[in-house]
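K.L.:
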Amino acid sequence: MTLFVANYGLEMDLSALSKDDQRKLFAFHVFGKLEGAVTAGMIHLGDTLGLYRAMAEHRDWMSSEQLALGVGLHERWVREWLHNQAAARVIEWQISGDAAVFRLSDAAVDVLGNEESEHFGMGMFHRLPQTMQALYDMPHAFETGVGCDYDSHGPEGAVGIERSFEPWSRANLLTKVLPAVDGLTEQLERGAHVVDIGCGAGSALLMLAMAFPKSTFEGYDISRFALARAEEKLRGSGLTNVAFHHPADSPLPTSASVDFVTTFDCIHDMTSPRRMFDNIFEMLKDDGRWLLVDIKAHDTFEANVTANPMASLMYGISVLSCMSSAMSEPDGAGLGTLGLPESLARSMAQDAGFTSFERLDVDHSVNAFYEISKS
Ligand SMILES: C[S@@+](CC[C@H](N)C(=O)[O-])C[C@H]1O[C@@H](n2cnc3c(N)ncnc32)[C@H](O)[C@@H]1O
Numbered sequence: 138m139t140l141f142v143a144n145y146g147l148e149m150d151l152s153a154l155s156k157d158d159q160r161k162l163f164a165f166h167v168f169g170k171l172e173g174a175v176t177a178g179m180i181h182l183g184d185t186l187g188l189y190r191a192m193a194e195h196r197d198w199m200s201s202e203q204l205a206l207g208v209g210l211h212e213r214w215v216r217e218w219l220h221n222q223a224a225a226r227v228i229e230w231q232i233s234g235d236a237a238v239f240r241l242s243d244a245a246v247d248v249l250g251n252e253e254s255e256h257f258g259m260g261m262f263h264r265l266p267q268t269m270q271a272l273y274d275m276p277h278a279f280e281t282g283v284g285c286d287y288d289s290h291g292p293e294g295a296v297g298i299e300r301s302f303e304p305w306s307r308a309n310l311l312t313k314v315l316p317a318v319d320g321l322t323e324q325l326e327r328g329a330h331v332v333d334i335g336c337g338a339g340s341a342l343l344m345l346a347m348a349f350p351k352s353t354f355e356g357y358d359i360s361r362f363a364l365a366r367a368e369e370k371l372r373g374s375g376l377t378n379v380a381f382h383h384p385a386d387s388p389l390p391t392s393a394s395v396d397f398v399t400t401f402d403c404i405h406d407m408t409s410p411r412r413m414f415d416n417i418f419e420m421l422k423d424d425g426r427w428l429l430v431d432i433k434a435h436d437t438f439e440a441n442v443t444a445n446p447m448a449s450l451m452y453g454i455s456v457l458s459c460m461s462s463a464m465s466e467p468d469g470a471g472l473g474t475l476g477l478p479e480s481l482a483r484s485m486a487q488d489a490g491f492t493s494f495e496r497l498d499v500d501h502s503v504n505a506f507y508e509i510s511k512s
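The sequence shown maps to residues 138 to 512 in our numbering.
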């Protein structure tokens with residue numbers, strides 16, 4: 138018997154241990170997952186209650202009284218939360234006098250408390266309650282085969298997705314991603330017709346529209362909650378070169394009229410990804426280009442589970458969110474979070490008629506970037 142310890146790739150051979158010790162270690166391993174789930178809930182609270190923000194602003198050691206006072210919350214509850222966070226090694230602690238004091242490390246400030254940082258990671262924790270709520274839908278989905286689309290996660294689910302992807306895009310979309318596509322920045326400066334499919338709350342599209350006033354931008358999504366959020370941000374932006382649509386009200390373009398299509402982290406969520414490749418082929422001009430951004434995945438389960446330390450997280454999120462969305466209609470393709478490796482994207486592009494498929498040199502922890510075109 139072997140055991141992966143805490144998914145860090147540290148594999149222990151337990152065969153020399155007694156059956157009793159093997160059982161104890163296995164139980165420890167399993168309860169480590171529960172510890173992760175509960176601590177993830179506490180991280181959600183730290184974000185939504187502004188506890189991390191307050192600690193990030195303070196930077197120095199602080200007591201539970203200081204933190205509670207700063208955020209206007211009850212000290213006893215804040216103290217217990219701090220104890221969880223310190224025990225989980227999420228925040229630092231030391232004893233000062235006869236009480237504990239706490240602080241965020243520099244790395245923790247970026248990941249937990251600074252929304253402006255490209256490393257800010259609270260988006261997935263923002264939507265943790267909605268993601269876990271999906272557990273109630275799962276028995277029905279497992280029985281019938283039909284899952285739930287993104288709107289099953291409610292309006293806060295859409296905000297969580299927005300907060301998951303926006304920090305990295307804000308730092309890198311204009312400076313690293315666009316320059317990786319030959320001549321694209323110049324083309325957008327001159328004026329081009331851009332369509333973002335699966336636009337979510339519109340973060341990427343609004344950034345592009347702000348940067349390139351001579352271009353026109355259209356976002357499509359099947360999530361009414363995400364579109365409502367996108368419209369709200371659009372109203373606040375004053376931009377006039379952007380529009381958001383639900384494909385049921387305003388179908389995707391069918392004539393070859395679009396210069397540049399983007400899909401960010403959504404093809405693997407679609408019930409009919411193959412049909413979407415055809416739609417994008419149809420809407421692109423002959424010299425148009427498609428920036429396909431999707432999760433880096435290996436070709437097989439074996440490769441994913443051995444090479445990707447986040448594989449269990451990703452397969453779990455897939456069940457609760459991505460694959461559920463991709464199975465949200467009968468006969469959905471059900472690709473899921475790790476379901477669109479480069480080889481599949483490449484062959485689907487070829488089948489749709491695209492003749493060029495290039496992986497772009499953009500460094501991202503979980504995403505791969507592809508430029509796809511007809512010529
Ligand atoms: C993981 S989110 C990514 C959202 C956005 N691209 C971003 O980066 O913030 C996936 C999105 O794809 C949308 N989606 C799924 N199937 C779709 C379809 N057939 N057409 C348009 N959008 C779709 C979902 O509603 C969801 O908003």
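Here a beta-carbon is modelled for each residue, glycine too, at the ideal position from N, C-alpha and C. Everything numeric in this text was worked out from a predicted model, so none of it was measured.
Quickly, what does DSSP pair Phe401 with across the bridge? List them, please.
P.N.:
In the sequence shown, counting from the first residue as 1, residue 401 sits at position 264. Beta-bridge pairing links Phe401 to Val430.
K.L.:
If you measure between the beta carbons of Val296 and Arg366, is that distance less than 8 Å?
P.N.:
As a working mapping, residue 296 is identified with position 159 in the sequence shown. As a working mapping, residue 366 is identified with position 229 in the sequence shown. Yes, Cβ-Cβ distance for Val296 and Arg366 is below 8 Å.
K.L.:
Measure the C-alpha to C-alpha separation of Ala308 and Glu255 and round it to an integer number of angstroms.
P.N.:
Against the sequence shown, residue 308 aligns to sequence position 171. Against the sequence shown, residue 255 aligns to sequence position 118. One C-alpha to the other measures close to 6 Å.
K.L.:
If you count every other CB in all the chains shown that lies within 10 Å of the CB of His290, and 16 or more means buried, which is it?
P.N.:
Locating residue 290 in the sequence shown gives position 153, counting from the first residue. Result: buried.
K.L.:
Could you check the C-alpha separation between Ser201 and Gly373 for me, to the nearest Å?
P.N.:
In the sequence shown, counting from the first residue as 1, residue 201 sits at position 64. In the sequence shown, counting from the first residue as 1, residue 373 sits at position 236. Between Ser201 and Gly373, the C-alpha separation is close to 38 Å.
K.L.:
Assign Ile509 to one of three DSSP states: helix, strand, or coil.
P.N.:
As a first step, residue 509 must be located in the sequence shown, where it is residue number 372. Ile509 falls in the strand class under three-state DSSP.
K.L.:
Roughly how many angstroms separate the alpha carbons of Ser152 and Phe168, rounded to a whole number?
P.N.:
The sequence position of residue 152 within the sequence shown is 15, counting from 1. The sequence position of residue 168 within the sequence shown is 31, counting from 1. For Ser152 and Phe168, the distance between alpha carbons rounds to 21 Å.
K.L.:
Alpha carbons only, please: which of Tyr452, Ala486, Gln487 is nearest the one belonging to Leu472?
P.N.:
In the sequence shown, the residue the question calls residue 472 occupies position 335. If we check each option's Cα against that of Leu472, Tyr452 comes out closest.
K.L.:
With Arg426 and Glu508 assumed to form a contact (beta carbons below 8 Å), what rounded beta-carbon distance in angstroms separates them?
P.N.:
Indexing the sequence shown from 1 puts residue 426 at position 289. Indexing the sequence shown from 1 puts residue 508 at position 371. So it is a contact: roughly 6 Å between Cβ atoms.
K.L.:
Check this for me: beta carbons of Ile334 and Val398, under 8 Å apart or not?
P.N.:
Here residue 334 refers to the residue found at position 197 when the sequence shown is read from its first residue. Here residue 398 refers to the residue found at position 261 when the sequence shown is read from its first residue. For Ile334 and Val398, yes; Cβs fall inside 8 Å.
K.L.:
With a CB to CB cut of under 6 Å and the five nearest residues on each side skipped, what residues in its chain are close to Val395?
P.N.:
To locate residue 395, count along the sequence shown from 1; it is residue 258. Same-chain partners within the cutoff: His330, Val332, Met420, Leu421, Gly425.
K.L.:
Please identify the residue among Val379, Leu162, Thr391, Tyr189 whose C-alpha is closest to the C-alpha of Gly258.
P.N.:
Start at 1 with the first residue of the sequence shown, and residue 258 comes out as number 121. Nearest option by C-alpha distance: Tyr189.
K.L.:
Work out the CA separation of Ala482 and Phe494 for me, nearest whole Å.
P.N.:
Reading the sequence shown from its first residue, position 357 is the one you call residue 494. Reading the sequence shown from its first residue, position 345 is the one you call residue 482. One C-alpha to the other measures close to 9 Å.
K.L.:
Look at the alpha carbon of Met199 and the alpha carbon of Arg226, and state the distance between them as a whole number of angstroms.
P.N.:
Numbered from 1 along the sequence shown, position 62 holds the residue referred to as residue 199. Numbered from 1 along the sequence shown, position 89 holds the residue referred to as residue 226. Looking at the two C-alpha atoms, the distance is approximately 16 Å.
K.L.:
Would you kindly check if the distance between the Cβ of Asp402 and the Cβ of Phe302 is under 8 Å?
P.N.:
Against the sequence shown, residue 302 aligns to sequence position 165. Against the sequence shown, residue 402 aligns to sequence position 265. Yes, these two residues count as a Cβ contact at 8 Å.
K.L.:
Buried or exposed: which applies to Thr492, given that a residue is buried once 16 or more other Cβ atoms fall within 10 Å of its Cβ?
P.N.:
The residue labelled residue 492 in the question sits at position 355 within the sequence shown. The residue is exposed, with fewer than 16 neighbouring Cβ atoms inside 10 Å.
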